[in-house]
Every structure is written in structure tokens, then in C-alpha cells.
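*Asks:* Protein chains in written order, with this note's numbering: chain W, 1 to 381; chain U, 382 to 762; chain X, 763 to 1143; chain D, 1144 to 1524.
Sending over a structure as C-alpha cells; questions will come in a sec.
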């Protein structure tokens, strides 16, 4: 029995974690915290929890008590606004140095601390940063398997990196052109606690807009992960900025300080009136028009071989948010025209983009198969 | 292993049955039919089936082949427009007299054939009608347990009868006043195949309207079931039309021919812009203002004792469609003011109102617990 | 040129007033107030105002300055939460005793002060109450024509009273049965300023629920207006409680203190996921089944003769919210079955139910035709 | 009084034309045709037309009678699927050679017939093609003013060309990089008559997807118009493919046959669950990072000087579909980062993208100001 606690359990990703974990027979949910709902039974706040899974035990929201959680949990999920997790994790670790941590927030997503501090704020537990593995679970499964600390990726980065990384590794992208990522996200991405006027039903139902041009905080996260892969696979890169300057790169520290070696990545998030889901449309230039569609298909199939959650769509079917919501699945398709390639991916921002990927990470950290008891549920209609 | 076939599997209730049954380890889906999609894999038509439940076997839609289905299935679900099931069932039964049948359509919902023929059309297999049990599974569990043939209730009747029947049995309703049922249904109730203009997104998103005043076909279904209960429990009725004339009722045949003994039931369906769900608001008059809220609570708790799917909401929480969609759960609350009582229920028209109740029926017919592997899934948000 | 000010102009009804009035050539919008947006141009807060009506002048939100408004305005609209209007109106009147006031809030909707105080709070300007006319403009046009002070009806009362009052006047209702009003309202009824979690897009899109059973504040408003009409037309009432006790009613003061003379009125509001609109379904009992559909049609046509905003639908067409949004129109239909009658009405809660009815009132108060320059705009789709 | 007929008046753009024109006092709607609704009054099919504009005259849908229309109309709008307009226009012109024609369909949108035939089908009235002016009314006002025949632009091209053409004319784009147009459209773009399953409410509400990658028919329309402008303003182009090869271009015929001179234009349409609106996000590369934001602002302000329908948003406000629906307005903003520029535009696909731009064209063709009696109506919320 895996004993699990969730800190920040009444937001959208926290409650989805609670819901999913309550359905598992091998997991015991020991503590769920919520400052605003402490003392209330989960079914009182979320009536859909009544008789979930045929009357499973009830559970109360509690105020955060780090000691209780540290002592009684094998795994802790943190679903908090950025900046909040670091201190809590420090405290918990002192009380239970072996506890497994999965942070859904942004505090430990960056390999390089300065990237966090540049884009968010001064880090509250910088000494812990290097211990965290980036939990893009379908790509970094091997690292996550042995990990005690995993930082769950952002939702936009998940939707962008899953289709991009195989091609970066394969070295078929021409980096003299920008990689353009145009993402369309449902409104739950804005969270539940921060009730602001623009997320009201009456404001949002007819609203479609871009926001945070050039400056969304998920862009530096996407960049860092892409640059990491480019560095790692630099010998496979057939052309482009990075490859040109490659000879001068001797070690990681050097490359990391030369962002000018790297390609331009443009990311534009949009808000669309659906509750869940991110559709990501990516425009890239190939090194060669000779790269065939079959070759690209092989790259993906090889990269995601035996992966239970990545679906490469075929026969002209394109990803649609409605086909992946409430699941940990990512649908991907690509379409080539000359040297241009369009990638399209669809994920559930709260499922694959948050809570279900977090459970996939938990599975791996606990020695279970990635897809152990992750019951994808995409009802239709 | 229960071998199951679904006839009419590409409509909303059929595909939801397929989805749910594919998740079960004790069920083998042997045939699913669809005239328009025959020959295609289920994932090609419904991409969300890709890698469902970690890559479970694929299955092709087929043209209807009664012989194949009869010979290879233990249980058959029929999800067809009314009038279509009767002949198919006749044929299948000749080939396999022991096969279990669950009809989601309307053909066998009425105890009295004339009620069907009055409201639908001439019945195509009248000799079979008497063998069917009305599958309102949370009420008629005992009858369903031994049944080979079950007729699944309509969605509106399910939402109306579940809150009403306990009170009818308890005899607390004053039938000198009408029972008024005001239902609000999501659009999936109109089905998938009959694409008509008024169900287009652009027509439906801002549309809220009543329809079929006085004459929706679910009204006679509701009436028959209420009248049955009234007859059955006539000694418990403390007042009202029925009770008054009770002495003159000697047997069932007599009462059934005297509809004037029965109360007025008014049913108004409305369409609202949600995909799934029915909210039913019912207005009744009590025999006595002395009937306390606690007494009513006891009536419900007693009637639905140990029931895994009926949730009586408390603490002023009222049913909300969003808390029951994608589930087999029915939320009920009541509120009393003097001698008036308002009942409110919420169900998923495709879940409790169709496919999941059908699986609950299958469980009972197969000797399994009602809630065996019915994984309610009401995600939030 | 009518000089108009709007107090509370950044809520949904206030901004709709501003929008509509800016399109009029005979109106000059002199002041619009908003505590939170003071100092900003209207187009900055609401970008749809850019180039409205081909570049009409811009206007800034201001902090409330009663003196400025009193001195420069012929007409003032107040769009404030209840309890706020009274004091402001008192102040303004002292500065400009001739100013015309239209209050969209609830402060002056009741003829009898105690009804307000019982259901809202202690009244802050009780001496002013008797000067206000109830602005149900399609019914009380004659009174409004000479009025300086008009209180705009609530949205639910507007949707309920417009179909009910003609039948009450005609005396065809059997009041031994309750009048049951089941209303379905869009979410904008909850307003814009009070951003609460349940009105977030992610909470509301799949949500359909009843609320405030028995105790919504619009119920006493509906009751008072119905009782007024019953008293007024008491000789026309053919049966029912009221008529029975009529002989004992000598004057208005007596009847007002005997609520037991009056029929039961049940009102259940529901929230449905549309931005605008209220659909109201009303269940009544007729005195006689002999009252023909044609007779009822005549009652309506006579009552609303030459009325530009009431549409009696025929040929089986039923009201639909989508056909009246963004308009001052009320669609009504009725359907009879024996002695039961179902009335259905559809209005825009912000149009006919608030801002456009307020402008209709302004027109009447200013000696203009009711429909002067009220450009109904119900786009399709 | 302008006498107007609408052929194909029961589709979304046709009925919107009818609605808008019925509000005008200087227009008489003489015939509106609908094959499926012939004989019915417009209010019977579209109940929102009841008492529109205070009871304006009713009008019946008729079967198409070219002779009647030709003889009684000054202006004819055609709202038909592509391929249908050509023959009808031929017939009408023979009967009334002076009649003004505005075709909302695609038949006459291309300057070069081969572009139409390549992307649609064999043209049914090729001899007429050269007489049609492309009705992008905010750009080609001068040409439209003298025109008898106008072809209304496609909705996507309108949303893409309005922000792009000023920059093309200004010569600041580096055409060595592709121009990438990522558009998000509401569902009404799919029309009303072609009821297909994917546009049902239940299918569309949760659906967000790209479609027709590389091959949407609006792409060649966009390309032709961009290439036209590039050729026209070739001396102003500071760099890029086109400029490089410019010396070899002697006349139009030559350039038109050398598409290799032209830049790559990528266009990806997406469907999102709103009724109306297109948000277009465009990614371009500048010739020089020295081009300042102010310079770009000047380019736009100069290009759209005194234009009543183009709104350049400032102060960080980005276009949002909800701020332009039901209007003829186009909101545009741009954001620069180094040599990259993102353009965002928002239009109503049925307003500016179809019917209201068509009326703007009618105004110009009839010698009226562009914005004559085009009452933009973007209600909030």
C-alpha cells in the first residue's frame, strides 16, 4: 500500500489527483490539505465524490501539517502556486529524508536555477534544485525510475515537447528558421482559486484570444528542455545554428552560457472556451525536403516504442482535444509539405499536462509500470 | 468471461456501452454492429479508443449478422430506434433461446402492450412483451436478478421515477393535485445519427426551450410505472383520488382500465445546452403538512438502503448535472414548505439514463453485484 | 437632447445601458460611474466600444459625484446592488428635484415597504418608496408615462408576470391550485462584479441546478404584483380562494394584511449555462376546461394590443431564449390540456429583464413612444 | 430606396444580410429565396424576426425566380455554395444588364481564373470573372466605388489580409522566411445547410482541432492577393525573394507564372467551439530589427487612415473574438521581438467576414459612405 498525501488538494490538479488516487486499491490517501476547506469532507465540497467507486471511505480536507504528512506518507504531491513548494519540501525532507516528492508546481522545473530566478522569482530552496528530475514521463522514464524527486512539467511544455523532442533528437530540423509553437488552451489552465473576472462564464464563453506574447513563463521551460536535447544530440544535427558552432562546445557549462548558439523558439498561448485540453500546432523547417513522411513516422515510432500513452494518428486523422480529455494520452500527427512540417498534438492540460502525468511519475518512482492503474477515461460524447 | 455483443454500437448509448465494457476484464466484446461504420476499427471512427485501457485489443464494427451474434454471445445489448429491436430479438432468440437481452430502446418498456401501441406504433413482436422486466435497476433489482429479458428505462423516466417512487410507496402524496415534472435535458438525448439542424452547435449553444408539451413519449412510460406503484401500494395511500376509489378495485385488470382513478401527471421536457445530464424538478402536494423532513429522509433512506448509486444530498446541497455526468449515480434532494414538496434529481442521461444502468442490469442478470465494475467517473472540472 | 447619467456603469446592466444609449442621437451620455474603472475610457475597459456607431465620442468612467450628476442630467439610471441606490437618490433629489430616476436595483420595487424590509434589509430611504412606479413597462405604461421615478422590475418577475398578468386580470385561473413558476436563467443574472467560484467558466459550463428553493428574493416581488392584480380585478375572478373571501375585503389596507386570502405561488429558479436569457415555464389550473385556446389567445391579444414588444407565438412554435437575446422582446406561448395550462415565456434577462426595459421606461417618462429607438438586435445564429 | 434581393437567404450569411437590411429605411428587401423554406414567412422560420425593428413588414421566402429578381432589384446578393452563383448571375444579367451583384460565394474571388479552377472546379461563367472586383472593402475601397460586380472575400482571407497588406505594401517583411497564418474559427463558418455530424453540439462543444492542413481553399485566395500586392509594391520591398528576382520581372503575365518568386505562405485553419469569430495569429520575419514599433504603428495608421472599421488596439490589449462579434469591425494588434513580428486580428466571420462586409461593399457601389447605416452591434457580455 502506497501512502500518499496531496498538498493543495482543492485546486483543479489537486482534486483530480485525489479523485484518481481514491480509485486505486494499492494507494491509501492519508492526508489532503486545503486551507480554505479544512475540516470539510471531500464530498461536501465536491459532491461528485459521493459514492465514488462504490462508497469508498470519505476523507477530510485538513490544514497543512508538515509533520503529520512527513511521518505518514511515502509519496507527497504538491499542487501549489510557484514559490510555495520549496519551503514545504525542505521542512518535510528534514522530517522524512526518504519521502518521495512530486511537485506539480514550477519551483523545480528548471535544470538551471538562473532560468527559474530570471522568469519567476528568487528561489526559496536552491540547494534542492539539482536533485529534481524533470518529469516528462514519456521521454525521461529512465531517469524518473530511480528518482526520489520529480518536478512535473508545465502543461504547455508537455504538449510542445512530446511532438518536438523526437525530431530534435533525430536532427532533421533546420534551426536557421524559428520553431513556432501556437498553443490553444482550455480555461482550467488558469486554475480554480484565482477567480478573476476574465474567467467568468459570461466573459469566457465567446472569448478567443492570444495572451502573454513572447513572455509566458512556459517558454523558458520549453527552451531549456529543447536546448538540453540539442546539446545532448548535437552530433546528429545535420545543419542549423547549433551544429555550425558545435566544434566550439567543450562542455555543458560552456554551451549553457551561449544561448546565441540556439535556435529561435516562438511560443504563443491562446485561451479558448473549453474546460480542458491543449491543442498545439508547431511549425518547423526541415533540413531537407528529402526526409520522407515514412522516415518521420519511423522516428516517432522508434522514440515512443511500446509507450502506452503516445498515439501517433494515421490516415489523415488529426488530433482533437475532445479525444484526449480526462486521459493521460497524447495524440500526435504531423504533415509535411516540401521542407515544412506541421506538428499537431492534443493533451488534457489537467491529465497528461498535470495530474495523470504526475501519477505516471509516481508509478515509475515506485517501481511500477508507467501505466499501472492509470485508467484513461475519455468519454464520448 | 461474459461474451457480449452490441447492436447499434455507433450511437451515443452504444458507443458508451462499448467503451465501458472494453474496460472490463470479465467481459469479452465479441460483436459490435454499425451499418454506417461496418468494416472500420472502432479507433478509426472514435479516436479516443486508441490505447484505451493500455492498448486493449481493437474491434471492428460489423454489419448486423444475427446468426453470428446469437451463436457467440451470452448477452446482447440493443441500442436502436424504437420499432427496430423487436424483430431482431425474435430472430436471435430462435437461434439461441438462452441468450440474455437488454434493450435500450423503447420496444419493451411498457407492461401493457396497448400503451406502447398507443404512443409509438404497432408492436412487431407483441408475444415477447410480457417476458421483459422494466430495468429501473435501483428499484426493481429483485425482479431483474432472475430475468433473461430486460428493457432499459427511458432517460426522463429514470430521472423522474427514482425520486418519486419512494414517496408513492410511502403514500404521502396528495393526488388531488397534479404531480408536475419539469425536466431539463442535455442535447445528447437527441442521439447522434439523426443530425438535424436544431442540434447543430450554432443552433443549440444559446438555445433553451421546452418541447413536446403534453405529448412526449416518456410521459406514458412515467405514468404507467407510477400507476403500477400506486396500485401495488394502495393500502398505504392515506388520501387522494386513488385511495378514495380503492374499494372498487378488485384486480389489476380492472384498475388498468380505469385511468380516471389516477392522478394527473404533467411532464414538460426542456432542452438546455449541455452535452449530458438531466435535471428534474418535481412539484408535489403532501397529504399532510405534518409529514416532517426527517420522515421523508427516512422514507428515502429506507427505500434505497445500501444502494450504491443513489445519493441523497444533505446540508442544503442541491443536485447539479455536473456532479453526476459520466456516472451511474443519481443525486436526489427534496425541500418542503408547508404541504408542498419539491424534489430535484440529477442523472447522466447516457449513464444512469441509458448505458450504465444497462450494465447495472447486466450485472444483476448475470448474478453479479449491481455495482460490479461500474466505475463511475465524474471528473472535475 | 436627453442628458443621461448611469451610476454603476461597469456591471452587466450598466454597460448594456451605456452601449445602447451611445447609439442614440437624441441622448447625450454625460456621466458614467464606476468605482473600479474610474479614469479609464470606456473602450479601454470594454474594447468592443471602439468605433461603436462609427466612432462616436469616447467617454470616461468617473467616480460617483452626486453633485455633478444632479446638475447635468435629465435622467439618471442606477445599476447598483440593493441598498445602495436609496441614499444616492436622496442626495441627488435634493440637488435637482426634477431629475428623472430609473432604478434598476431592488430598492423601490415593492409597493409595500414591509415587503422590502422583510426580504432585503431595512430601507435607507423609506419616504421615497411611495413615489416610485413599478416599471413593468408593457403592463403599466399608463402609470409610467407620467412618472418621475420608476423602479425597474427584477428579471425573473418580468419573465413571470408578462405571461401571467393577462390571465389574472381575465379571472380564468383556479387559485385552489398553486401557480408554479419554474424559471431557467442564464449566468449573467449573477452579475459581473461578484466573481464567485461557481460562475467560473470551468464550474458553470456543465452545471445545471436549482437554487434558492422557496426563498429567492424575486418571489415576494412576483407575489406582491400578482396579489395587487388579484385585488384590482377581484370581481372578475370566477372562483378560487380570493374570490371566495372577497366579500370580506373592504379596502386595500385590509386585503394587504390577509395573505391567507391569496393563492400559493411557487417559484424555483435554475441556473443553466447560457450567458443571457430566462425561460419561464408556468403551470396553472383553469377555472373551467371550457375556456378555449381561442379565448385565451383573445385575452392576450387584447391585453397586449398594439404592444411592440410582446410576441404571442403561434403554430406550435415555442419560446426559445436564443430568439430574444439582445432584445426587449418577450416571446410567449401557452398550451392547454383539459383544465391545465402551461405558459412559456422567453426574455433576455439583461435586455427586457433589465436595461432595455429601463430604456423603454425612460422613453415613456420622457414622452416618447415606448419603442422609440429601442433597436432590438437578436442576431442569428 | 435601394431595392435588394438575396439569393440563398436562409443560410447563415443570407439570413444575417436579411436581418441587417430589414433594419434600414433606405433599403427595400424585394425578394429573398430559399429552396427549402419557400412559401414561409421569415418569422416562421426564424422567430427572432418577429417584431424586428418594431414590427417592420413581413417577407416570405420564395423559390428562385431569376426574372422576377432581375426586373425588380437594384442590388442582388448571392449566398450560395461555390459553383452555383455563376449561372444565375449570367441569367440575371441578360435580363437586367445594369443590376449590381455582390457574390458572397467563391466563384469570382480570383483575379486569375486558373486559380479558381485549380482549387475549386471548372468555372461556369469564365467570361464574367474579369468584371468582378475583390471586395476587401477596407483596402480596395476605391475600386469598389465604381464597381457593378463585387466578389466578397472569404472569411479567413479577410482576417489574414487586413493585418498583412499594410506591411506588405510597406516592404518591411523578409520573405526568405515563411509567412505563417494560424487561424481559429468559430463553427458557423461551416454553414447551416450542410448539417454534418461533426458540427452537432455534442460533437463540437469539446472539440478543438486543426483541419485541411496545406489545402484549405482559402489559402490560394490569400496567396493570390498577397502576391498581387507584392508585385504592385515591388519597388518598396527592401529584401527577400521577391525583391531579389525583381529585375527579371517585366510585366504582370511573367510574374504571375513564376510562383517561385514568391514567399512561402502557410495557413492552418482550426475549429474552436464558438458560434462566431475568427482569431488569426500571424508570424512574420522583418527585414530589419531596426523597424520600430512606432514605425509599424505609423504604417497601419497611415494605411487605415479614417477607416471606420479597423481598430488598432493599443496599451497591450490584444484582439478577442468576443469584442468584434456581430460587427463589421476588425481588431488588430502587433507585437515585435527582435526581427520577429506577431500580428493578431479578430473579426466576426459572418459579419466582417461575410454579410456586413458585403453591405459595406453595397454602400460603396451605391455611392454611400462605407459605414452608412452599418450599425455594429457587439453586445457585452
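Here a beta-carbon is modelled for each residue, glycine too, at the ideal position from N, C-alpha and C.
Nothing here was measured: the structure is a model prediction, and the numbers come from that model.
Nearest to residue 265/W by CA position, among 310/W, 292/W, 227/W, is which residue?
*Replies:* Position 265 of the first chain, counted from the start, is the residue given in the question as residue 265/W. When each option's Cα is compared against that of residue 265/W, the closest is 227/W.
*Asks:* Using a Cβ-Cβ cut-off of less than 7 Å, give me the residues of the segment 788-808 of chain X that come near chain W, in sequence order.
*Replies:* Under the 7 Å Cβ criterion, the segment 788-808 of chain X contributes no residue.
*Asks:* When you compare the CB positions of residue 947/X and residue 1040/X, do they come within less than 9 Å of one another, or not?
*Replies:* Taking the first residue of the third chain as position 1, residue 947/X is located at position 185. Taking the first residue of the third chain as position 1, residue 1040/X is located at position 278. Going by C-beta atoms, residue 947/X is nearer than 9 Å to residue 1040/X.
*Asks:* Using DSSP with H/G/I as helix, E/B as strand and the rest coil, what is residue 1448/D?
*Replies:* Position 305 of the fourth chain, counted from the start, is the residue given in the question as residue 1448/D. Residue 1448/D: coil per DSSP, three-state reduction.
*Asks:* Flag residue 964/X as yes if its beta-carbon sits less than 9 Å from any beta-carbon of chain W, otherwise no.
*Replies:* For the purposes of this step, residue 964/X is taken as residue 202 along the third chain, with counting starting at 1. Interface residue, yes.
*Asks:* For the segment 698-705 of chain U against the segment 575-587 of chain U, are there 3 or more C-beta pairs whose distance is under 8 Å?
*Replies:* The segment 698-705 of chain U is not in contact with the segment 575-587 of chain U.
*Asks:* With respect to the beta strand (DSSP E) encompassing residue 285/W, which residues constitute its N-terminal and C-terminal limits?
*Replies:* In the first chain, residue 285/W corresponds to position 285, counting from 1. Per DSSP, residue 285/W belongs to the beta strand (DSSP E) from 278-285.
*Asks:* So for residue 1364/D, helix, strand or coil by DSSP?
*Replies:* Looking up residue 1364/D in the fourth chain gives position 221. It is helical.
*Asks:* Between residue 1516/D and the ligand MG, is there a pair consisting of the residue's CB and a ligand heavy atom that are separated by less than 8 Å?
*Replies:* Looking for the ligand MG in the displayed structure turns up nothing, as the structure carries no ligands at all.
*Asks:* For residue 404/W, decide whether its Cβ has a neighbour in chain U, counting only Cβ atoms nearer than 9 Å.
*Replies:* Since the first residue shown for chain W is 1 and the last is 381, residue 404/W is missing from the structure and cannot be characterised.
*Asks:* Does any residue of chain X bring its CB to less than 9 Å from the CB of residue 699/U?
*Replies:* Mapped onto the second chain, residue 699/U falls at position 318. Yes, because at least one Cβ of chain X sits closer than 9 Å to the Cβ of residue 699/U.
*Asks:* Considering just the uninterrupted stretch of the alpha helix (DSSP H) at residue 268/W, what are its terminal residues?
*Replies:* Locating residue 268/W in the first chain gives position 268, where the first residue counts as 1. Premise fails: residue 268/W lies in the beta strand (DSSP E), 265-271, not in any alpha helix (DSSP H).
*Asks:* Applying the criterion that 16 or more other CB atoms from any shown protein chain within 10 Å of the CB defines a buried residue, is residue 1325/D buried or exposed?
*Replies:* Numbered from its first residue, the fourth chain carries residue 1325/D at position 182. So residue 1325/D ends up on the buried side.
*Asks:* Look at the alpha carbon of residue 739/U and the alpha carbon of residue 1106/X, and state the distance between them as a whole number of angstroms.
*Replies:* For the purposes of this step, residue 739/U is taken as residue 358 along the second chain, with counting starting at 1. For the purposes of this step, residue 1106/X is taken as residue 344 along the third chain, with counting starting at 1. Looking at the two C-alpha atoms, the distance is approximately 35 Å.
*Asks:* Which word fits residue 439/U, buried or exposed, when buried means at least 16 other C-beta atoms lie within 10 angstroms of its C-beta?
*Replies:* In the second chain, residue 439/U corresponds to position 58, counting from 1. Flag for residue 439/U reads exposed.
*Asks:* Decide if the segment 116-127 of chain W is in contact with the segment 335-344 of chain W; the criterion is three or more beta carbon pairs, one per stretch, under 8 Å apart.
*Replies:* Contact fails: fewer than three Cβ-Cβ distances are below 8 Å.
*Asks:* For the beta strand (DSSP E) that contains residue 1455/D, what are its first and last residues?
*Replies:* In the fourth chain, the residue the question calls residue 1455/D occupies position 312. Residue 1455/D -> beta strand (DSSP E) spans 1453-1455.
*Asks:* Measuring CA to CA, which of 15/W, 3/W, 27/W is closest to residue 74/W?
*Replies:* Your numbering for residue 74/W matches position 74 in the first chain. Comparing Cα-Cα distances from residue 74/W to each of 15/W, 3/W, 27/W, the minimum goes to 3/W.
*Asks:* What are the boundary residues of the alpha helix (DSSP H) that residue 1504/D is part of?
*Replies:* Numbered from its first residue, the fourth chain carries residue 1504/D at position 361. Counting along the chain, the alpha helix (DSSP H) containing residue 1504/D begins and ends at 1499-1508.
*Asks:* When you check each C-beta in the segment 653-670 of chain U against every C-beta of chain X, which residues fall closer than 9 Å?
*Replies:* Per Cβ criterion, the list reads 653, 654, 655, 656, 657, 658, 659, 660, 662, 664, 666.
*Asks:* Given residue 510/U, which residues of its chain have a CB within under 7 Å of its CB, disregarding the five upstream and five downstream residues?
*Replies:* As a working mapping, residue 510/U is identified with position 129 in the second chain. Hits under 7 Å: 489, 494, 504.
*Asks:* Is it the case that the segment 347-357 of chain W contacts the segment 288-297 of chain W, given that we only count it when at least three CB pairs across the two stretches are under 8 Å?
*Replies:* Taking 8 Å as the limit for Cβ pairs, the verdict is that the segment 347-357 of chain W does not touch the segment 288-297 of chain W.
*Asks:* Apart from the five residues on each side of it in sequence, which residues of its chain come closer than 7 Å, Cβ to Cβ, to residue 30/W?
*Replies:* Against the first chain, residue 30/W aligns to sequence position 30. Result list for residue 30/W: 3, 4, 5, 72, 73, in chain order.
*Asks:* List the residues of chain W that residue 544/U touches, going by C-beta distances under 7 Å, in chain order.
*Replies:* Reading the second chain from its first residue, position 163 is the one you call residue 544/U. Result: empty, since nearest Cβ-Cβ is about 16 Å, beyond 7 Å.
*Asks:* By the three-class DSSP mapping on this structure, what secondary structure does residue 728/X have?
*Replies:* No statement about residue 728/X is possible, as the shown extent of chain X runs from 763 to 1143 and does not include it.
*Asks:* Please determine, among 147/W, 156/W, 83/W, 18/W, the residue with the shortest C-alpha to C-alpha distance to residue 761/U.
*Replies:* By one-based count along the second chain, residue 761/U stands at place 380. Measuring from the Cα of residue 761/U, the nearest candidate turns out to be 18/W.
*Asks:* Can you give me the start and stop residues for the alpha helix (DSSP H) that residue 90/W sits inside?
*Replies:* Start at 1 with the first residue of the first chain, and residue 90/W comes out as number 90. Per DSSP, residue 90/W belongs to the alpha helix (DSSP H) from 85-95.
*Asks:* In chain order, what residues of the same chain lie with their CB nearer than 7 Å to the CB of residue 773/X, ignoring the 5 residues before and after it?
*Replies:* Reading the third chain from its first residue, position 11 is the one you call residue 773/X. The answer, listed in chain order, is 841, 953, 954, 955.
*Asks:* For residue 324/W and residue 347/W, which I take to be in contact (beta-carbon distance under 8 Å), what is that distance rounded to the nearest angstrom?
*Replies:* Indexing the first chain from 1 puts residue 324/W at position 324. Indexing the first chain from 1 puts residue 347/W at position 347. Indeed they touch by this definition, with Cβ atoms about 6 Å apart.
*Asks:* Could you tell me whether any Cβ in chain W is nearer than 9 Å to the Cβ of residue 1142/X?
*Replies:* Position 380 of the third chain holds residue 1142/X. Chain W contact via Cβ: absent.
*Asks:* Excluding five sequence neighbours on each side, which residues of the same chain lie with their C-beta closer than 6 Å to the C-beta of residue 681/U?
*Replies:* As a first step, residue 681/U must be located in the second chain, where it is residue number 300. So the list reads 547, 693, once near-sequence residues are dropped.
*Asks:* Would a C-beta distance cut-off of 9 Å place residue 823/X and residue 802/X closer than the cut-off?
*Replies:* One-based indexing of the third chain puts residue 823/X at position 61. One-based indexing of the third chain puts residue 802/X at position 40. The answer is yes: Cβ separation under 9 Å.
*Asks:* Taking CB distances under 9 Å as the criterion, tell me whether residue 940/X reaches chain U.
*Replies:* Walking along the third chain from the start, residue 940/X turns up at place 178. Yes, because at least one Cβ of chain U sits closer than 9 Å to the Cβ of residue 940/X.
*Asks:* Below 7 Å CB to CB, which residues in the same chain sit around residue 710/U once its five sequence neighbours on both sides are set aside?
*Replies:* If you number the second chain from 1, residue 710/U lands on position 329. Same-chain partners within the cutoff: 690, 692, 733, 757.
*Asks:* Using the Cα positions of residue 1517/D and residue 1506/D, report the straight-line distance between them to the nearest angstrom.
*Replies:* For this step, residue 1517/D is matched to residue 374 along the fourth chain. For this step, residue 1506/D is matched to residue 363 along the fourth chain. In a straight line, the C-alpha of residue 1517/D is about 9 Å away from that of residue 1506/D.
*Asks:* Are residue 50/W and residue 712/U close, meaning C-beta to C-beta below 9 Å?
*Replies:* Locating residue 50/W in the first chain gives position 50, where the first residue counts as 1. Locating residue 712/U in the second chain gives position 331, where the first residue counts as 1. Taking 9 Å as the Cβ cut-off, residue 50/W and residue 712/U qualify as a contacting pair.
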